[in-house]
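The block underneath contains the structure these notes are about, expressed in structure tokens.
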Amino acid sequence: MARLKEKFFPFFLISPSVLIILFIITFPLGFSLYVSFTGYSLLTPGSMVFTGAENYITLVRDPVFWQSLKNTVIFLTIGINTELFLGLGIALLLARELKGGRILRTVSMIPMMFAPILVGFQFKWFFNDQVGMINNLLYTFNVIEKPVLWLIRRDLAMFSILVAEIWRGTSFMIIILTAGLMSLPKDPFEAAEVDGASGFQKFRHITFPLLSPFIFIAMAIRSLDIATAFDIVQIMTGGGPAHRTELIWTYVYRVGIVDTQFGLGSAMSYVTVIISVGFAYYLFKQLLKTRR
Amino acid sequence: MLTKRSKEYIFTFLAYFVLVLILIPALWIIFTSIRPEVEVNAYPPVWIPKKLTLEKYQQAFFSSGIGEQAVPVRDYLRNSLIASLGSAGIALALGTLAGFAFSRCGFKGKDSLFLFVILSRAVPGIALSLPLFMLFVKLKLLDTLTGLSLVYTAYNVPFMIWIMDGFFREIPQDLEDAAQIDGCTKWQAFLKVDLPLCAPGLSASGIFAFLMAWDEFQLASVLTRSLSSKTMPVGLLEFTSEFVMDWRGMCAMAVIMFIPAIFFTFLVSKHLIKGLTFGAIK
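See the structure below:
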């Protein structure tokens, strides 16, 4: 009896978590897989008819789908690298023993506390060509004479949504990397000091290698977040103008919800979920190796 | 060559300077919420306010709502608090139990199950919004705080398990063994030995769970309909329905949204660094 109890103990502890994930995430995902093979449209009753791979053929032939996938990759690459660069720089400052260090570290988390949707509105307003504070500042200092169309010109629109995403995301990088830096052992640094290593040498050969697990997890979590970015971009540009800032999820939203083509939208979201879960699988496999 | 001391001054100055730079967008929001209307929309822009007003906050808490559309901030705030605190609390409990099992018990298929749990976090909310909507209509969970809290709990559980599994791993097995030799069951050992030791992990993962639910918009916008379940992020959208955007109202609501977030973060800030290093990485 006692042995039986021992055997089922872990399942007893784990099952509530697994059940709620199955109910809220896995089951609906399975349902949308089914829908992706139908011509289901929210506005047409009785349209949940099996159409085979039709939706998948449509999406492969859709240039906007590929464009939005490409935009997402660009957005992710620039975003994650900038966040890492800024985050590491600021973390190196904050991990020192400064006056008011704990307050500074909490303050550096403030952007993370702003909801993405709020960040979207906020930066949409800052970058607004008529009333935005950025153009206002540029006017005040006589840098420009005509308004800069931040959210309309192709490169500038991408730049603007990146600024918003990076503003919010860097603070997550900062907090994880600061935590990492503060937990590093002191001995190697003292030894290097005795050997007369320069600041850069110490960073290159001690800090960076020891910090790399932290860098890895911060980048893993953030890149999953950026790859699924939606709120900020949807509010700032809605993927426009003319799909210039269309990311994969704003496009899925446009097709599935705005145009009510739920079947096609599900197919698109399914392809993207598979890419994103595959990516996560690779990342966490690596992480688990070090843990187990 | 700079002396060590002057170097420290330079770094301190730099740290403060960079943080002020980061904070400008946030400060501008706070600032706008207490300026009079004429200054916000003035052209040429007014940078230094001549007068401050708490009008929007008064509307939020002491009248029917903010602005001409009377956005009912009080109701949204209540809903947000219930859904976020509720789901973070439940996720914390579930995640701690599962994290303990994953780190301390051996059983078949453990690694695959762990991976399954973690990967479920990679599914973005928007991919689930429509199927969940249909499911919730069937189960009569649409537009209820119960339904929304369930969703947030499911979303938070994987990260919780990740952090708590890492945390329990850091607590020496010997302590628990000693307790078991003294006659504790595994469950008692968990409650009396492991749980108290992982308080930093609990607070770090708790704050992340809270913030995730507090900030979530996409799912809430599909799964909530009325005053009884709409949350703050969904409410923000109501300021855009007019021709002229009520920026001051929106900023005031943003500040109201921000206060609980920073309050809870400050509360756990002492444990945050330790909780993250042990839980998330090792």
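Sequence lines, in order, name chains A and B. Under numbering that gives the first Met the number 0, the first residue of the first sequence is numbered 0, with each subsequent residue one higher. Under numbering that gives the first Met the number 0, the first residue of the second sequence is numbered 0, with each subsequent residue one higher. Quick reminder that beta carbons are idealized off the backbone N, C-alpha and C, glycines included.
{"Query": "Quick check on the burial criterion: 16 or more other C-beta atoms within 10 angstroms. Buried or exposed for A/F11?", "Result": "exposed"}
{"Query": "With the cut-off set at 8 Å, would you say A/W166 and A/P110 are in Cβ contact?", "Result": "yes"}
{"Query": "Listing by chain order, which chain A residues have their CB less than 7 Å from the CB of B/V156?", "Result": "S16, I19, I20"}
{"Query": "For B/M163, tell me which candidate among B/A208, B/L127, B/G182 has the shortest Cα-Cα distance.", "Result": "B/A208"}
{"Query": "For a cutoff of 8 Å on Cβ pairs, would you count B/D245 as touching chain A?", "Result": "no"}
{"Query": "Can you give me the C-alpha to C-alpha distance between A/R243 and A/I231, rounded to a whole angstrom?", "Result": "15 Å"}
{"Query": "Where B/P232 and A/K201 are concerned, what is the direct C-alpha to C-alpha distance, given to the nearest angstrom?", "Result": "45 Å"}
{"Query": "Within 10 angstroms of the Cβ of B/V156, are there 16 or more other Cβ atoms? Answer buried if so, exposed if not.", "Result": "buried"}
{"Query": "Residues bridged to B/V70 by DSSP?", "Result": "B/I65"}
{"Query": "Anyone know if the C-beta pair for A/L263 and A/T57 falls short of 8 Å?", "Result": "yes"}
{"Query": "Does A/T25 have its Cβ less than 8 Å from a Cβ in chain B?", "Result": "yes"}
{"Query": "Can you pull out the residues from the region 248 to 260 of chain B whose beta carbon lies closer than 8 Å to at least one beta carbon of chain A?", "Result": "M249, A253, M256, F257, A260"}
{"Query": "Classify A/F36 as helix, strand or coil using the three-state DSSP reduction.", "Result": "coil"}
{"Query": "Between B/V254 and B/S79, which are expected to be in contact by the criterion C-beta below 8 Å, what is the C-beta distance as a whole number of angstroms?", "Result": "In fact, because the Cβ distance is near 14 Å, the residues do not count as touching under 8 Å."}
{"Query": "Give me the Cα-Cα distance between B/V39 and A/W149, rounded to the nearest whole angstrom.", "Result": "20 Å"}
{"Query": "For the alpha helix (DSSP H) containing B/L210, list its first residue and its last residue.", "Result": "198 to 214"}
{"Query": "Would you call the region 91 to 99 of chain A and the region 266 to 275 of chain A touching, i.e. three or more CB-CB distances under 8 Å?", "Result": "no"}
{"Query": "According to DSSP, A/T43 sits in a beta bridge with which residue or residues?", "Result": "A/S40"}
{"Query": "Quick check on A/R104: buried or exposed, where buried means 16 or more other Cβ atoms within 10 Å of its Cβ?", "Result": "buried"}
{"Query": "Between A/T50 and B/A69, what straight-line distance do the alpha-carbon atoms span, to the nearest angstrom?", "Result": "47 Å"}
{"Query": "State whether the region 247 to 265 of chain B contacts the region 182 to 192 of chain B, with contact taken as three or more CB pairs (one from each stretch) at a distance under 8 Å.", "Result": "no"}
{"Query": "Report the CB separation of A/G131 from A/M235 in whole angstroms; it is logged as a contact under 8 Å.", "Result": "Not confirmed; about 12 Å, so no contact."}
{"Query": "Along chain B, which residues have their Cβ under 8 Å away from the Cβ of A/D258?", "Result": "Residues of chain B passing the Cβ test: none, with the nearest at roughly 13 Å."}
{"Query": "Please compile the residues from chain A whose C-beta is within a distance smaller than 9 Å of the C-beta of B/G94.", "Result": "S16"}
{"Query": "So what does A/F49 bridge to, in DSSP terms?", "Result": "A/T37"}
{"Query": "Let me confirm a value: A/A241 is counted as buried when at least 16 other C-beta atoms fall within 10 Å, else exposed. Which label applies?", "Result": "exposed"}
{"Query": "Please report whether the beta-carbon of B/Q217 lies at a distance below 8 Å from any beta-carbon of chain A.", "Result": "yes"}
{"Query": "Taking the C-alpha atoms as reference points, what is the distance between A/P297 and B/S102?", "Result": "A query on residue 297 of chain A cannot be resolved here, the shown segment of chain A reaching from 0 to 291 and no further."}
{"Query": "Going by C-alpha to C-alpha distance, which of B/I272, B/V17, B/L201 sits closest to B/A87?", "Result": "B/L201"}
{"Query": "If you measure from the beta carbon of A/I56 to each beta carbon in chain B, is any gap under 8 Å?", "Result": "no"}
{"Query": "Tell me the rounded alpha-carbon separation between B/R4 and B/F10.", "Result": "10 Å"}
{"Query": "Out of B/V17, B/I65, B/S83, B/A121, point me to the one whose CA is closest to B/K55's CA.", "Result": "B/I65"}
{"Query": "What does B/G165 touch in chain A if you count any residue whose Cβ is under 8 Å from its own?", "Result": "R290"}
{"Query": "For B/C104, which residues in chain A fall below 7 Å Cβ to Cβ?", "Result": "F8, P9"}
{"Query": "Strictly below 8 Å CB to CB, what residues from chain A border B/V122?", "Result": "I24, L28, V272, S275, V276"}
{"Query": "Check each candidate in A/V142, A/M108, A/F113, A/P146 and name the one with the smallest Cα separation from A/F126.", "Result": "A/P146"}
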